[in-house]
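Undergrad: Residues in the sequence shown are numbered consecutively from 3, following our numbering.
Mind looking over this structure? Questions follow.
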Amino acid sequence: MAANTPVEKKPIRDLLQEKDAFLTTSEKFYEYFLRHTKAFIAAGVVLAVISIGAAVYLQQQSAAETKASEAFEAAMALSSDSDAPQKAIAALENVQSTYQGRKAARLAGFTLVRLYMETEDTDKALMTAQNMLQTIQPAEVSLKPMLLNTVGGLSEVKGDFALAADSYSKILELTPLAPELRIEALMALARVQASAGNNEGAIENYEKVVKEFPRTMNAFLANLKVAEITGQPTVLYPGQERETAPAGEKSATATEAAVPALGEPSSDEKSDASAEQGQINGASAAASEEI
Numbered sequence: 003m004a005a006n007t008p009v010e011k012k013p014i015r016d017l018l019q020e021k022d023a024f025l026t027t028s029e030k031f032y033e034y035f036l037r038h039t040k041a042f043i044a045a046g047v048v049l050a051v052i053s054i055g056a057a058v059y060l061q062q063q064s065a066a067e068t069k070a071s072e073a074f075e076a077a078m079a080l081s082s083d084s085d086a087p088q089k090a091i092a093a094l095e096n097v098q099s100t101y102q103g104r105k106a107a108r109l110a111g112f113t114l115v116r117l118y119m120e121t122e123d124t125d126k127a128l129m130t131a132q133n134m135l136q137t138i139q140p141a142e143v144s145l146k147p148m149l150l151n152t153v154g155g156l157s158e159v160k161g162d163f164a165l166a167a168d169s170y171s172k173i174l175e176l177t178p179l180a181p182e183l184r185i186e187a188l189m190a191l192a193r194v195q196a197s198a199g200n201n202e203g204a205i206e207n208y209e210k211v212v213k214e215f216p217r218t219m220n221a222f223l224a225n226l227k228v229a230e231i232t233g234q235p236t237v238l239y240p241g242q243e244r245e246t247a248p249a250g251e252k253s254a255t256a257t258e259a260a261v262p263a264l265g266e267p268s269s270d271e272k273s274d275a276s277a278e279q280g281q282i283n284g285a286s287a288a289a290s291e292e293i
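Next comes the structure, spelled out in structure tokens:
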């Protein structure tokens with residue numbers, strides 16, 4: 003009797019061409035990888051291209067920022083020459099147009115506002131200040147009051163009292179707002195309202211200064227302005243009355259009673275728009291430094 007020859011047996015799963023339900027996770031992943039090898043290779047190539055592209059882009063951006071900063075510094079070096087401001091203006095205008103969106107371009111814009119005012123080019127100064135305001139960046143929010151004040155002052159110089167009043171009013175809408183900025187905006191708004199013939203609005207804002215900031219030089223000036231507009235003795239509010247003069251001495255007049263504890267203001271401090279207009283240059287310069 004012939005010996006039994008071993009017969010090769012295949013697992014049932016192979017005969018049925020079904021996967022083993024008990025494959026380990028690593029085995030399943032390996033089989034999945036084998037079936038999608040081309041897809042994995044393609045994905046790897048794409049990721050590599052993206053990584054290389056991102057690295058090149060960042061390197062180019064860094065180089066562009068450096069180049070923009072160098073151009074701005076070169077332009078600022080020219081601005082130190084008071085005899086040739088036009089050279090500095092031309093260089094800064096080139097920085098602003100060539101490197102739009104860069105920090106250097108923003109700094110050039112703030113500096114141009116100041117230089118335009120120094121060269122009495124009010125139109126360009128106003129246009130540039132308005133553009134800087136409309137395109138203000140998140141990092142520049144703290145400079146918004148200064149930009150609005152600059153636009154207001156330049157508009158006032160041009161006789162556009164409506165735009166000036168709108169700019170000063172927008173300063174008062176900002177929150178939070180430092181007390182010194184509020185008092186200056188109230189005084190400026192009242193001034194342009196009076197210039198435009200809106201005496202009622204001017205008196206209202208001058209009185210706000212007196213009520214909110216008693217015993218200050220601006221409160222004294224506001225009281226004088228109210229008296230000028232109404233033709234009546236200066237109105238006094240709590241916090242500004244002086245003690246009654248002793249018997250036998252001459253009583254203080256209404257205007258004298260309005261003098262704050264700081265003392266009698268100088269003739270320069272009593273001047274109106276001309277004195278406050280000089281603050282515009284300082285605001286623009288401060289903007290450039292803060293950015």
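From the three backbone atoms N, C-alpha and C, an ideal C-beta is built for every residue, glycine too.
Measure the Cβ-Cβ separation of Leu156 and Tyr170 and say whether it is below 8 Å.
TA: Not closer than 8 Å, so no.
Undergrad: Which class does Ile173 belong to by DSSP, given the choice of helix, strand or coil?
TA: Looking at Ile173 - three-state DSSP - the assignment turns out to be helix.
Undergrad: Our contact map puts Val115 next to Ala131 with C-beta atoms below 8 Å; I'd like the distance itself, whole angstroms only.
TA: Right, the Cβ-Cβ distance comes to about 5 Å (below 8 Å), so this counts as a contact.
Undergrad: Drop a sphere of 10 angstroms on the beta-carbon of Leu173, count the other beta-carbons inside from all chains shown, and report buried for 16 or more, exposed for fewer.
TA: The residue you asked about is not Leu; residue 173 is Ile in the sequence shown. With 16 or more other Cβ atoms within 10 Å, it is buried.
Undergrad: Val194 lies in the alpha helix (DSSP H); which residues open and close that run?
TA: Residues Pro181 to Ser197.
Undergrad: With DSSP as the reference, label Asn200 as helix, strand or coil.
TA: Note: Asn200 maps to coil in three-state DSSP.
Undergrad: Under 7 Å Cβ to Cβ from Ala204, same chain only, skipping five residues before and after it: list those, please.
TA: Here the set comprises Ala192, Gln195, Ala196 and Ile231.
Undergrad: Are the CB atoms of Arg37 and Ala70 within a distance shorter than 8 Å?
TA: No, the pair does not count as a contact, with Cβ atoms beyond the cut-off.
Undergrad: If you scan the stretch 62-107 from start to end, which runs of the alpha helix (DSSP H) of 4 or more residues do you find wholly inside it?
TA: 87-100, all fully within the stretch 62-107.
Undergrad: Rounded to the nearest angstrom, how far is the Cβ of Phe163 from that of Ala198, given a contact under 8 Å?
TA: Contact flag correct, Cβ pair sits at about 4 Å.
Undergrad: Rounded to whole angstroms, what's the CA-CA distance from Thr295 to Met219? Just pull it up for me.
TA: Since the first and last residues shown for the chain are 3 and 293, residue 295 lies out of range.
Undergrad: Would you kindly check if the distance between the Cβ of Leu176 and the Cβ of Pro147 is under 8 Å?
TA: In contact: Pro147 and Leu176 (Cβ atoms closer than 8 Å).
Undergrad: If I measure Cβ to Cβ from Phe74 and keep anything under 7 Å in the same chain, skipping five residues before and after, which residues do I get?
TA: Here the set comprises Val97, Ala106, Leu109 and Ala110.
Undergrad: Tell me the rounded alpha-carbon separation between Leu223 and Gly154.
TA: Taking the straight line from one Cα to the other gives about 20 Å.
Undergrad: Is it buried or exposed, Ile43, if we count other Cβ atoms within 10 angstroms and call 16 or more buried?
TA: Exposed.
Undergrad: Please classify Thr68 as buried or exposed, where buried requires at least 16 other C-beta atoms within 10 Å of its C-beta.
TA: Thr68 is exposed by the Cβ-count criterion.
Undergrad: Please report the straight-line C-alpha distance between Leu226 and Tyr208, rounded to a whole angstrom.
TA: Roughly 9 Å between the two C-alpha positions.
Undergrad: Please return the same chain residues whose Cβ sits closer than 7 Å to the Cβ of Leu183, not counting the five positions on each side in sequence.
TA: Contacts found: Pro147 and Ile173.
Undergrad: Three-state secondary structure (DSSP) at Phe215?
TA: It is coil, neither helix nor strand.
Undergrad: Below 6 Å CB to CB, which residues in the same chain sit around Leu150 once its five sequence neighbours on both sides are set aside?
TA: Excluding positions up to five away in sequence, the list reads Ser169, Lys172 and Ile173.
Undergrad: Over the uninterrupted alpha helix (DSSP H) stretch that includes Thr130, give me the two end residues.
TA: Thr124 to Gln136 is the extent of the alpha helix (DSSP H) around Thr130.
Undergrad: Tell me whether Asp162 sits in a helix, a strand or coil according to DSSP, three-state version.
TA: Correct three-state label for Asp162: coil.
Undergrad: I need the DSSP call for Thr121, collapsed to helix, strand or coil.
TA: Three-state DSSP puts Thr121 in coil, outside helix and strand.
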